Structure formats: C-alpha cells, structure tokens
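Everything below concerns the one structure shown next.
Number of protein chains: 2
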Amino acid sequence: MTNRSKSQPNDKMALRLDFSHMMSDFVGPDRGITRQEIDDLIPRTSAIAADIEAKREAGDLGFYQLPYDMEAAAAATDMAGRFQGKCDDLVVLGIGGSALGGTALFRALCHPLHNLLSKSERGGKPRVFILDNVDPATVGSFLDFVDLEKTVFNVITKSGSTAETLSQFLIIRQLLTDKIGRESVKEHLVVTTGAGGQLRQLAEQEGYPLLSIPETVGGRFSVLSPVGLFPAALFGVDIAELLAGARYMDDRCRTDQLWQNPAYLAGALHYLADVKKGLSIAIMMPYSDALIQVGYWFRQLWAESLGKAINNSGETVNVGPTPVVASGVTDQHSQLQLYSEGPFNKLITFLLVENPDQSLTIPRHLEPREGISYLGGHDLEELMQIEAQSTQLALTKAGRSNMSLILPQTNAFTIGQLFFLLEVQTVFAGGLYGINPMDQPGVEASKQYIYGMLGRSGFEDKAREAKKWRDRGGRYTI
Amino acid sequence: MTNRSKSQPNDKMALRLDFSHMMSDFVGPDRGITRQEIDDLIPRTSAIAADIEAKREAGDLGFYQLPYDMEAAAAATDMAGRFQGKCDDLVVLGIGGSALGGTALFRALCHPLHNLLSKSERGGKPRVFILDNVDPATVGSFLDFVDLEKTVFNVITKSGSTAETLSQFLIIRQLLTDKIGRESVKEHLVVTTGAGGQLRQLAEQEGYPLLSIPETVGGRFSVLSPVGLFPAALFGVDIAELLAGARYMDDRCRTDQLWQNPAYLAGALHYLADVKKGLSIAIMMPYSDALIQVGYWFRQLWAESLGKAINNSGETVNVGPTPVVASGVTDQHSQLQLYSEGPFNKLITFLLVENPDQSLTIPRHLEPREGISYLGGHDLEELMQIEAQSTQLALTKAGRSNMSLILPQTNAFTIGQLFFLLEVQTVFAGGLYGINPMDQPGVEASKQYIYGMLGRSGFEDKAREAKKWRDRGGRYTI
Chain A
0 MTNRSKSQPN DKMALRLDFS HMMSDFVGPD RGITRQEIDD LIPRTSAIAA
50 DIEAKREAGD LGFYQLPYDM EAAAAATDMA GRFQGKCDDL VVLGIGGSAL
100 GGTALFRALC HPLHNLLSKS ERGGKPRVFI LDNVDPATVG SFLDFVDLEK
150 TVFNVITKSG STAETLSQFL IIRQLLTDKI GRESVKEHLV VTTGAGGQLR
200 QLAEQEGYPL LSIPETVGGR FSVLSPVGLF PAALFGVDIA ELLAGARYMD
250 DRCRTDQLWQ NPAYLAGALH YLADVKKGLS IAIMMPYSDA LIQVGYWFRQ
300 LWAESLGKAI NNSGETVNVG PTPVVASGVT DQHSQLQLYS EGPFNKLITF
350 LLVENPDQSL TIPRHLEPRE GISYLGGHDL EELMQIEAQS TQLALTKAGR
400 SNMSLILPQT NAFTIGQLFF LLEVQTVFAG GLYGINPMDQ PGVEASKQYI
450 YGMLGRSGFE DKAREAKKWR DRGGRYTI
Chain G
0 MTNRSKSQPN DKMALRLDFS HMMSDFVGPD RGITRQEIDD LIPRTSAIAA
50 DIEAKREAGD LGFYQLPYDM EAAAAATDMA GRFQGKCDDL VVLGIGGSAL
100 GGTALFRALC HPLHNLLSKS ERGGKPRVFI LDNVDPATVG SFLDFVDLEK
150 TVFNVITKSG STAETLSQFL IIRQLLTDKI GRESVKEHLV VTTGAGGQLR
200 QLAEQEGYPL LSIPETVGGR FSVLSPVGLF PAALFGVDIA ELLAGARYMD
250 DRCRTDQLWQ NPAYLAGALH YLADVKKGLS IAIMMPYSDA LIQVGYWFRQ
300 LWAESLGKAI NNSGETVNVG PTPVVASGVT DQHSQLQLYS EGPFNKLITF
350 LLVENPDQSL TIPRHLEPRE GISYLGGHDL EELMQIEAQS TQLALTKAGR
400 SNMSLILPQT NAFTIGQLFF LLEVQTVFAG GLYGINPMDQ PGVEASKQYI
450 YGMLGRSGFE DKAREAKKWR DRGGRYTI
C-alpha cells in the first residue's frame, strides 16, 4: 500500500466527501454517528484492507487493474477509430452491467440533447442508443427507425449467454444479413464478451470484431473495461482522462487508514448508518441532470453487490441496503416530503458539482411584483446550489442523515474518480457486511425458470414446476 | 355510493389486480397476509369510505370530479386546437405534479422515439420536452437548440409561485420578447395555474392564454385536469378515452365493500404489508417501457401523500412507505439479487400488459448451438412475459410479497383507469395510516431557506440562519 503525501497537479480536480451531516454533532445523537463508532471499525478495516490487497495482488479483483490496462484501452480506442465517422448511430445491445456504465458515461459527458443534434453539431459522433430491454414496442420501433447500413451494433455480454442480449443480437443479425448480406454483417457489429462462451465462438467463426472482458471483472464493475471504453471512445469521451481519474482515486484509496481513505470512510458510514441506525435505504441524489445515470449505475453496483442472503460464514443474514436514485432539484417536489417527515430509514448522498460549465441569468422583471421579483438577477446555477443547501439544512435540522460527494467539475477525470471511488466503497462495504460482493446467486432461480419455459434442454423440470405454479387454483384477483 | 353489478361494454379493457402472492397461502405465513387480516379492516374501511364520500360530495377532493369535468376537457382540447399544426415543439415548464403526469402520458401513449421522428411521421404533432429541472446545462442547451418561433411553452404551476418554474418562465419570456416582440409572446405561451397567485395576475395583464387548475385539486392529483390534458391533447392522446377510463374505474371503486373495491383492496394490502409485516419499501415494476414513467408519477403520489410526521390526532408518527421504481426485465439484471436475497422489507407491484401491440420473432439460428438455439422461434413479447412469470415465481418461492396490476392493453382508456385507481388507493391508504394525504407540510422548511438565500423580503431570518449554518466550523470532510 502507498501512503499519499505530496500534493499532485490534479488535486484541484479531486472529489471531496463532506460527511458532517452523518455525524452526531450535526444531525443529533439518535441517528448520528460518533467518531468512536468509526474508530471501533479500525481493526476490522485493517483486516478487510489486507484481504482486499491480497486478492488484488492475486488478480482476483480485476476492476482494480482496469485503470492501468493500457492495452485494453488501446484496443477500445482502435476499434472506435475503425467506426469513427463511418456510422450515424451506435447501438449498444446489453443489459445490467453491460448497459449501465455506458449510459452513465453518455449522459455525464455528452451534450444533453446529443441525439437530437445534427451530425456536424455532434462533431461527427454517432447518435447513441442503449437497448437494455427486450420490450417489443421499443425494440420494434427502434428497428423501424434506424438505418442499419449506417449503424454499428455493440453486443455486450460477458458470459455470452444472456438471453435478452442474445435475442436482440439474433434479430439484428438476421436483419443485417437480409439487408446487406452475410459477409457484410461484420462491418456493423462489435462483440464485447468474456474469454469463453458461445457468443465468442460464434463471433470468431463469423469474423466479427471482438473486444474482451477480463474474467475477473464482473459486469457491474466493468465500466472501465472495453464494456464502457469502446462506446465512450466512439461517442467522444476522453478515455485516457477517465482512466487517469480512476488511477488518481486508486492512489487516494490504497491505504488501510480508515480516516484517510474516502472510499473506506464512505463505506463505513453507509454500513454504520444501515446496521447501527436503521437507515436501510441509501438514496443517491445528484443535483445535476448529467449525473442521474451515474446514480442508476451505482444502484446496480450497491444492490447486487451487497444484497445477499448468506454471509461468508454460511449464515443466513438477508442483508443489503436498498439503493434509490432521486434527482435534485426535481425530486424536492416529489420525494422531499417523505424524506423530511417519513420514517427515519434513509441516508441521502448528494452528488454536487461545484463549477458547472454553463449558467443562465434570470431576468429582472420590469415592475416589482411580490412573489416573482426576488428571483431576478440570480442565475440558475446559483438557484440550484441554494436549493441543494436549503434541502441539506432542512433535512439535517429534521435529524435526517446526509452527506455530499462534491465534484469540482463534471469531466472525464472526475467521472473516472467517481466510478472508482464507488467501486472501492462497495468492495469495502462487502467486507464490513461479511458477504461476498462479487457474486449474484439470487438471480439464478429465475433464470432457470426462464430457460425452462423457453424450452432450453436440461431445464425440463423447471418448465414443469412453472406450469404447475401457473395452473395453481385459488388465486386472489379483482 | 353505487353497487356495480351489470357487465359493461368496456369490461374487456378492465384492469385486474392479482394479489395472490401477497397472501399467506401463496407467499408463506411470515410475510403473507391472511383473509382475516383483511376482514379486520372492514369496520375502518366503512368509516374511511364514508369520510371520503362526504368530502367528495362537499367538493373537497377535487380529483374525483375531474373525469366528469367536460368543460375543463373542452377548454384543454380547444387550447390544443389553437396550437395544433402551428408549433414544432411543445415545452412544458413545470416540476413535480406539474410535470410527472404529462411525462407519464407522453411515454405511455406516444411513439417510443416520438421526438426523433419527422413531423409527418409524428402525424404533425409537436415534439415534446418537459423541463422539470433548473439545471443550467440542460436548460441552456435546450434554449440553444429550440426554435422559439415554432414552439409553444406551457407554464404550469398551481400556486403561481413555484420558484423553479417562474425562473424558467422569466428567462423564456425575455428570450421570446427579444426575439419576436412583447406583443407576440402570448402566441407562444399557455399558462396553466390556479385561481389566485401572481402568475395568473401577470398572465391576465399580459394577455397570455390561460387554463385553470381547480383549487381543490392538488398538484400530484392533477393529471386529469388541464395540467395533463392540454399537453396530452396536443401530443395526440385521446383525452375523452382517458377520462372515460377514469370514470370506469371510479364506478368500480365507489363502494365501501373492501373485497370488491380494487383501489381500497390495493391500499389495504400496501398498508398491512408495511405496518404489520415490515415491508416498508413499495416497488412498482412495470414490464413495459411505456409504463416506466407512470411509476415515477406514482412515486410522487405515494411518497408525498403518505410520508407524514404527524397524524390526524396530532401525534408524531413519521410514517410512509418508500416508493421505488424498477423496470422489467432490465432490473432483473440490477435489483433482483437484492429483492430476492436482501432484507424482507419490500412489496413489489408488477405492472403487466397482456396484449402488447407489437411483437418480434427471434430467428432460429442456422446451426444448432447450445446456449443460443433454444431462443429461436420465440418472440420478444413471449420472452418478456416468461421473464415476468419467472421473476414472480422465484420471488414468491423466496417468500417475497408481490402483486400484479394487469392492463389488457396500453391505451388511453386503461391509462385513465390506472391513474384513477392509484389516486383512490392513495386517498384510502391515507385513511388507514390516519394521516392527511392531501398536504405536504414537510417541504415548507427548505422553501423558506431558499427564499431567504435568494433575498425574498420577509425571509431575512432564514437567510441569516442559513448563513450561520454554512459558516459553522468543525465540518467533516475528506
């Protein structure tokens, strides 16, 4: 482990965590956390940090390597270069971890109306569509709409066996074949997948361009692998800066000193809030439209990593905070009433941006008018910040725990930090909960029923069980 | 109250609620609800129903009148007619209840790619933008993008004093004035507001077209008022059918017989699940992209109506389930792990559509290939339904309570039913919790700080308090 001491040129772009309103001297003794409670976690922190470091060194926690994998970054950039300027549309076929990272990058770092701009206004970049569902209304409308000959499809599934993604892929492969001939399909497809699996075999056989997802990188930790990097390079993100941001955060988080490690500290605060204070709902509330999809990316990371039935000792524990995304200021007019007055079961993490790129001044109204004129002369940036502060103050006074992750700006470097911080926070929190943050055994049961009902061989008993269940009488309906 | 008996021509489009998996004989005794527990609520149901009926008759619960208010519907339709064909873009300026209903209608009933289609493909309807935030990056980009001369702005705020909406309005009014002159502004603005307030005065003075929100209709219950109807009429929703659907549901829900009233029954199940079984998180999970925004509309309705500190007897109770939106099948790859294995604190309501308009067949792969071929010949509609069933079965077997609201199709008539059902369910649940579902006192505190910090006169003490709080030392940051 490193001990970070000297200031670095990027420090002015460093993310900051303000957790004052988590602490008992700010939010009150009932749900507030004390210094002592954090200190009490120090011995466990040393053990968890050592375990993480050992796994990292053994290569078992692949996401730690991604910011340093220049080969993978170059492969993604080169692949993007092959399609750059030649396609009008980029369509990602993927679901869960194969979709959420790319969506977060697109929304955070591209123009808010990117897909409505002209090609020249987009700087020649393609429009971006991320098809993360199999709803026939959406997929069908989309296929009617898109010009296949000017589109690149990026099929992303690590296992190569995700039913939803393969279904989309089979449909699109057929459409492409019918339209442009079997030989040309490979000019419109990029397959991003793991080392094994049927999709890789098929791609190799049919000559589709391939990008690899390392085996030790789980879907929800894959945003800095080619899963996120190829689309991001194609829609114009500076992926070198993105990875530099992640490395910068790695440097800050590679210490076992709890009070000095922002990711560990955030993980510890979340854990204490949930387990000791009953704050079982973890709300992420960006005051920035661009960061809302980062919230949805985190929602998978947090839920799937920490929501576990069985702990590392084999005991049934049924743990896991429930992540929720809210949006400032919008949800002040939707969820704030509940957050202020409802049960004391929520911890809110605000995502704040210190220096937005744009602002807009509210004009002064010509004649003084009570209830309107006071707005004149302020600007929207200021309004947004005042609303965030007012919400924090009101919530804190009402005894509601909250903290703020502050980005100096929204750019590839800060977004890289943010992803990496939250990933390390998740792995560390998994250690505190005593569960395995890298698996997802709970989705297996429903997958087997899906296979059974679709008639996949080997799952006949599941098909029978599902049929019996559907036919069960005595249902309650109105 | 009416007693509904004879079948009606619209019955084949009736929404159904299947609550089998809420009941102990399906989901097990630990979190399952018994018939007896529902029966035990019958006396309270009679009292609550009588109270609702009395308030309704007195005109205090204005949303009940909306499906019958043909004058308001005609005003919205006429206003839409004035702009129909004359504008390329409709922009709603509103937040919370002024935005969420229109967004839900737009997403449920318009083409999934509406804003990307050409004007003729849209049937001459305008593109639709709902600006429900003051983020300068979003608002600024949008104003650079839009052609003001071909745009109609619908400013919606019942109080006429919503800071965010007024700020947007002042900016746009200035831009319009600069571009087309003060006299022409009224050709590009429609103001939807309550009977009083500064905005109405200003609109009357400057001659802006006006639509009225009845005083007894709260923002989150206003989707069937001109708040939702004017935009919906302009983007092509059959608002007569929408209101007919609401009336149809009203007919079903105007009985005090708990077992026969779908809205009351759903409200009772939610209440029992929360209060008796500890299921404090209410997830709405549509298996339909078109219905996701209905989930966000409901999220405000449920949170703001039921999240209350003080009950009707003046006692501090801090109640309110936390609504969450998830999306099927997408969130099977994000949240299902937590829902299946995490704490027993969730109730999932699936929104299912029985007969989607479109389907798409997955082609059979040319050569048999393990792990891929089984998908061939199925279609996406079937895949979606099989995934929903598999998720329900797996969750129910894991002891996780869930129910399903089933729409025969997605159309204006069923969406009208859905809105109305959920509104009545909310008012009834408010009765069970013993709180006032129509107010929102918890957002007042932060509003006063906002006014203070913006320098509105009369709020100087709040400004001082906020400053003192910002300047407080001893903060915890990293």
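For the protein sequence lines, the chains are A and G, in the order given. In terms of numbering that gives the first Met the number 0, the first sequence is residues 0 to 477. In terms of numbering that gives the first Met the number 0, the second sequence is residues 0 to 477. Backbone N, C-alpha and C fix where the C-beta goes; we use that ideal spot for every residue, glycine too. Please read these numbers as outputs of a predicted model, since none were measured by experiment.
- DSSP, read as helix, strand or coil, puts SER23/G in helix.
- At a cut-off of 9 Å between C-beta atoms, PRO355/A counts as an interface residue with respect to chain G.
- At least 9 Å separates the CB of TYR247/A from every CB of chain G.
- The beta carbons of LEU241/G and ILE414/G sit closer together than 9 Å.
- By the neighbour-count criterion, in which a residue is buried when 16 or more other Cβ atoms sit within 10 angstroms of its Cβ, ASP330/G is buried.
- Annotation for ARG43/A: the continuous alpha helix (DSSP H) segment containing it runs 41 to 56.
- For PRO322/A, the enclosing beta strand (DSSP E) covers residues 321 to 324.
- Between the segment 315 to 323 of chain G and the segment 276 to 290 of chain G there are three or more C-beta pairs closer than 8 Å, enough to call the two in contact.
- The bridge partners DSSP lists for ARG463/G come to none.
- Taking TRP301/G as reference, the option from ARG126/G, ARG81/G and GLY429/G with the minimal CA-CA separation is GLY429/G.
- For LYS85/G, no alpha helix (DSSP H) segment is defined, and its DSSP state is neither H nor E.
- ASN153/A and PHE234/A have their C-alpha atoms roughly 13 Å apart.
- DSSP places THR192/G inside the beta strand (DSSP E), whose first and last residues are 188 to 192.
- Interface annotation, PRO407/A: not in contact with chain G, CB-CB separation never under 9 Å.
- When only Cα atoms are considered, MET437/A and THR390/G end up about 22 Å apart.
- C-alpha of ALA232/G to C-alpha of PHE343/G: approximately 43 Å in a straight line.
- The alpha-carbon of THR191/G is positioned some 48 Å away from that of ASN317/A.
- Taken through DSSP and simplified to helix, strand or coil, ALA107/A comes out as helix.
- Comparing alpha carbon positions, the residue from GLN408/G, ASP29/G, VAL127/G and ILE385/G closest to GLY398/G is ASP29/G.
- Straight-line measurement puts the Cα of ALA136/A at about 19 Å from the Cα of VAL127/G.
- Chain G places a beta carbon closer than 9 Å to that of VAL138/A, counting this residue as a contact.
- Counting only Cβ-Cβ distances below 8 Å, ALA393/A has contacts in chain G at ALA444, SER445 and TYR448, in chain order.
- For GLY370/G, the chain A residues whose Cβ falls inside 7 Å of its Cβ are SER160 and GLN197, in order along the chain.
- When DSSP reads this structure, ARG126/A sits in a beta bridge with ASP88/A.
- Contact check for GLU386/A against VAL133/G passes: the beta carbons are separated by less than 9 Å.
- Contact of TYR338/A with chain G is assigned, a C-beta pair being separated by under 9 Å.
- One Cα belongs to GLY180/A, the other to LEU174/A, and the distance between them is close to 9 Å.
- Note on geometry: alpha-carbon atoms of ARG251/A and SER400/G lie some 43 Å from one another.
- Where PHE144/A is concerned, there is no enclosing beta strand (DSSP E), although the alpha helix (DSSP H) around it starts and stops at 135 to 144.
- Closer than 8 Å at the C-beta level to chain G, one finds these residues of the segment 106 to 133 of chain A: HIS110, PRO111, LEU112, ASN114, LEU115, LEU116, ASP131, ASN132 and VAL133.
- Secondary structure of SER221/G (DSSP, three-state): coil.
- At a cut-off of 9 Å between C-beta atoms, ARG463/A does not count as an interface residue with respect to chain G.
- Between the beta-carbon of ALA103/G and that of GLN292/G there is about 4 Å, and that keeps the pair under the 8 Å contact cut.
- Within the segment 278 to 295 of chain A, the residues whose Cβ lies closer than 7 Å to some Cβ of chain G are SER279, ILE280, SER287, ASP288 and ALA289, listed in chain order.
- Using beta-carbon distances, GLY95/A counts as an interface residue toward chain G, with a partner under 9 Å.
- One alpha carbon belongs to SER221/G, the other to ALA57/A, and they sit about 58 Å apart.
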